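Here the structure comes first, spelled out in structure tokens, and everything after it is commentary.
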Amino acid sequence: MPLFTRTNPSTDATPEGPSEAPSEVPSSQGQAVTEATDAAGTAVEEPEATARPAAEPTPGPAAGKQPTSAVDPAEPAIEPDPGPDPASETPDKATSKATEGTDAAEVSDAADTAEAAEVTEVTDAPDAADRAEPDQAATKADWRTRRPVAARNLGWAATALSALLVLVALQMPNTFGNLRITEFLRLPAEAIVGAVVLLAMPRRPRVITAACIGVFLGAVTVVNLLDMGFVEFLGRHFNVLLDWALLSDAQSYLTDSFGAVGSIAATIGVFLLVLFLLAGTALATVRLSNQLARHNAVATKGALIAGTVWITCMSLGLTVGGVPIASDHTAGVVKVHARRVSDTLRDEAEFKELAKNDPFAKTPGDQLVPDLRGKDVIFTFIESYGRSAIEDPIMSPGVDQTLADQAQALTDAGFAAKSGWLTSATYGGSSWLGHSTFLSGLWINNQQRYRTLVNSDRLTLPEVFRRTGDWRTVGVMPGVQKSWPEAKFYGLEKNYASKDLGYKGPKFSWSTMPDQYTLEAYQRLEHGRKQAKPLMSEIILTSSHQPWAPLPKTVPQDELGDGTVFNAIQKAGKNPKDVLYNGPEAKAEYGKSIQYSVTSLIDWLTRYGTDNTVLVFLGDHQPMSRVSGSNASRDVPVSVVAKDPKVLDKIADWNWTDGLRPAHNAPVWKMSAFRDKFLTAYGSTPHP
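The sequence shown begins at 8 in the numbering used here and counts up one residue at a time.
Dropping the structure here:
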């Protein structure tokens, strides 16, 4: 059944709504052909809104419209056959022929229109919607067609930026010291191998593989940036298994030092940077892989040439600016981290066995530190108190003078001191690793070892004194602002966190309170009270914690009160941003912070110390490398101070330096060695 039935325009009713006017019946065949030809010419000259194929079939008429005839403008007009002169024919004859011509044309037009409509409905049904609303591809193609130069330049720029991003990611160093332009002028082997692999793949696997390579490359770049930060602040590389938890501590540090707004802004910035690196490198590698496939022959030759150049440079040891041209930096980074992961997994089992090997684990309480019976023993950690404070030419003059002055104050009060060096298990931060190393006698240099330790029954120095039954053990921890379950492991019967010390004054960046107040709170809460037993105390002093701004100042003892006296001092202090990232300024302020902490401690000792007071104070680690220097050691000073000469006589064979300043060539021990040496010196008997 035909889709359309020809109707007589003279008898059909006109449809409702807008419609095309029916074609007039020409008076002659020649006239009809002429009008059709004119229409074709008009159609050719009239521009289309969007590009369409010349041979596209004409859509069928809408419902309710008369089928109309049309001449395809792409086909030449057909010349009519010459016939008898119409003027010579009779009127009836002319009318009859005209009617026949009209009828034939209408039948032909209807058939053509119906056929076109059928084809359109069967094969090109979506075209109507497409023409009504051009798809994005057509629009994009149209933009490129209208602005070919801009499109070509934009494509080149995108490809160049993609190549630059990939090369930077491949060559990104993991220390600030290596962050120089020559590092990025090298020829990476990974790029050559990647190009060869992608060239050999079909399109779909190639795109997927390129995206995965890009994400992996972005992840390696993130780890390299973390390495930079860890080396700068902690003096060690990032451990991909253990150190993610430390990022929350870093955010807390930013909040304490620079405020909530600064911390949130930094967190958002880091998140956006990571997102850009992961997504950007993925998109970049996909684009480059498409370019390789589009120019397969040239890319293959280029990869072959690059590979030859790389092998030649590697064989001859060619360098640029002292850096080898042939590079396999990313492969090396991955290899190092893989080995570090393997070592970490193996170390966990080994450390558990090491922690069980304790020479004093089974020593009875009455055989532990018998030579210190009746003494108040205080272990005090001064934050970031390192060898650099004493030996660095910028910081040492002020610190050395303070140590000399305080040593004289001790002498005047009847005290004496001996000092040496300990090598800390940490650097620049992670103070709890230094504390646990010193107190447990084990080398605690990562978070995994720390977790294993505090879940063991290892004997710590506070636990030694508690086990004897002759001491009351207390801790004063102004840096603890949350719950601290480790107090039980360490053997502390009573622990004072920051909220327990009664301080109402301002924070000094990360430090919750000045050291002067911390020591006075200890005197008020514990040392100044009548005790049934001597005290074994662990005290943490935090005023020398980075960013060393603003710094507290010593106030008259009778004005100390609840600490609100420090409000004006804190407001008048320096901005952390102006100190931490300014090398000389950071060194100067760090030195002042050490002077303040040492002065506060010795002032307290000379005011409240007795004949039975024994003070052991030390640094937990060196300050960050911006202050201590990129090649600084991990050594920290340690001093033993007492009035009773027998206390210092017990450690005479340690060969430590008299006074508070250890000599440059004084003995250096690992911090983990101190526990056993201390226990042995004061009469403890080993019972493995």
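Note that beta-carbon positions come from the ideal geometry of N, C-alpha and C, so glycine has one too. Bear in mind the structure is a predicted one, so any value in this text is a computation, not a measurement.
ask   = So, residue 445 versus residue 543, is the Cβ gap smaller than 7 Å?
value = no
query = Between residue 318 and residue 335, what straight-line distance do the alpha-carbon atoms span, to the nearest angstrom?
reply = 12 Å
query = Sorted by chain position, which residues of the same chain lie with C-beta nearer than 6 Å to residue 488's C-beta, five sequence neighbours on each side aside?
reply = Annotation for residue 488: 505 place their beta carbon closer than 6 Å to its own, counting only its chain and skipping 5 residues before and after.
key: residue 652 versus residue 419: straight-line alpha-carbon distance, rounded   = 15 Å
query = What do you reckon, are the CB atoms on residue 586 and residue 593 nearer than 7 Å?
reply = Cβ atoms of residue 586 and residue 593: closer than 7 Å.
query = Exposed or buried, which one is residue 435 when buried takes at least 16 other CB atoms within 10 Å?
reply = buried
ask   = Do the CB positions of residue 476 and residue 372 come within less than 7 Å of each other?
value = yes
First through last residue of the alpha helix (DSSP H) which encompasses residue 597 = 590–615
inquiry  = Does residue 564 pass the burial test, meaning 16 or more other C-beta atoms within 10 Å, or should it be called exposed?
reply    = Burial call: exposed.
Endpoints, the beta strand (DSSP E) within which residue 388 is located = 383–389
query = Taking all protein chains shown into account, do 16 or more other C-beta atoms lie within 10 angstroms of the C-beta of residue 251, making it buried, or fewer, making it exposed?
reply = Exposed.
ask   = Just the Cα atoms here: how many angstroms apart are residue 297 and residue 333?
value = 26 Å
key: As assigned by DSSP and simplified to three states, the class of residue 404   = helix
key: residue 479 (DSSP reduced to helix, strand or coil)   = strand
key: Segment limits, alpha helix (DSSP H) that includes residue 696   = The structure shown does not extend to residue 696, since the chain is modelled only from 8 to 695, so the question has no answer here.
request  = Starting from the C-beta of residue 136, find all residues in its chain whose C-beta is less than 8 Å away, skip the five residues before and the five after it, and write them out in chain order.
outcome  = Because residue 136 sits at a pLDDT of 40, beneath the cut-off of 50, its placement in the model cannot be relied upon, and the following sentence gives the value as read from the coordinates. For residue 136, there are no CB contacts under 8 Å within the same chain when 5 residues up- and downstream are skipped.
query = Can you name the start and end residues of the alpha helix (DSSP H) that residue 502 belongs to?
reply = Taken as a continuous stretch (DSSP letters only), residue 502 belongs to no alpha helix (DSSP H), being part of the beta strand (DSSP E) at 501–504.
query = Should residue 611 and residue 526 be called a contact, given that it needs their Cβ atoms to be closer than 7 Å?
reply = yes
query = Do residue 441 and residue 642 have their C-beta atoms within less than 7 Å of each other?
reply = no
ask   = Rounded to a whole number of angstroms, what is the C-alpha to C-alpha distance between residue 346 and residue 255?
value = 26 Å
ask   = When you compare each of 157, 501 and 426 to residue 397 by their alpha carbons, which one comes out closest?
value = 426
inquiry  = Quick check on the burial criterion: 16 or more other C-beta atoms within 10 angstroms. Buried or exposed for residue 126?
reply    = Any reading at residue 126 needs caution, since the residue's pLDDT is 34, under 50, leaving its predicted position unreliable; the model's value is listed next. Label assigned to residue 126: exposed.
request  = Tell me whether the beta-carbon of residue 197 lies closer than 7 Å to the beta-carbon of residue 307.
outcome  = no
inquiry  = Three or more C-beta pairs under 8 Å: does that hold for the region 594–607 against the region 198–213?
reply    = The region 594–607 and the region 198–213 do not touch, with fewer than 3 CB-CB distances between them shorter than 8 Å.
inquiry  = Based on DSSP bridge pairs, tell me the residues matched to residue 695.
reply    = None, per the DSSP bridge assignment.
key: Residue range of the unbroken beta strand (DSSP E) whose run includes residue 425   = 423–430
ask   = Do residue 454 and residue 515 have their C-beta atoms within less than 7 Å of each other?
value = no
key: Nearest to residue 243 (by Cα), restricted to the options 550, 500, 432 and 177   = 432
query = Using DSSP with H/G/I as helix, E/B as strand and the rest coil, what is residue 542?
reply = strand
query = Helix, strand or coil: how does DSSP classify residue 490 here?
reply = coil
message = Looking at residue 461: is its Cβ nearer than 7 Å to the Cβ of residue 500?
response = no
inquiry  = For residue 510 and residue 648, what's the separation of their Cα atoms in angstroms?
reply    = 28 Å
request  = Could you give the DSSP three-state label for residue 319: helix, strand or coil?
outcome  = helix
query = Can we say the region 311–331 touches the region 400–416, given the rule of at least three CB pairs closer than 8 Å?
reply = no
inquiry  = Taking the beta strand (DSSP E) that residue 376 belongs to, which residues open and close that run?
reply    = Here residue 376 belongs to no beta strand (DSSP E), and DSSP marks it neither H nor E.
key: For residue 159 and residue 71, the rounded distance between their alpha carbons   = At residue 71 the pLDDT is 39, less than 50, meaning the model places this residue with poor confidence and gives no usable figure here.
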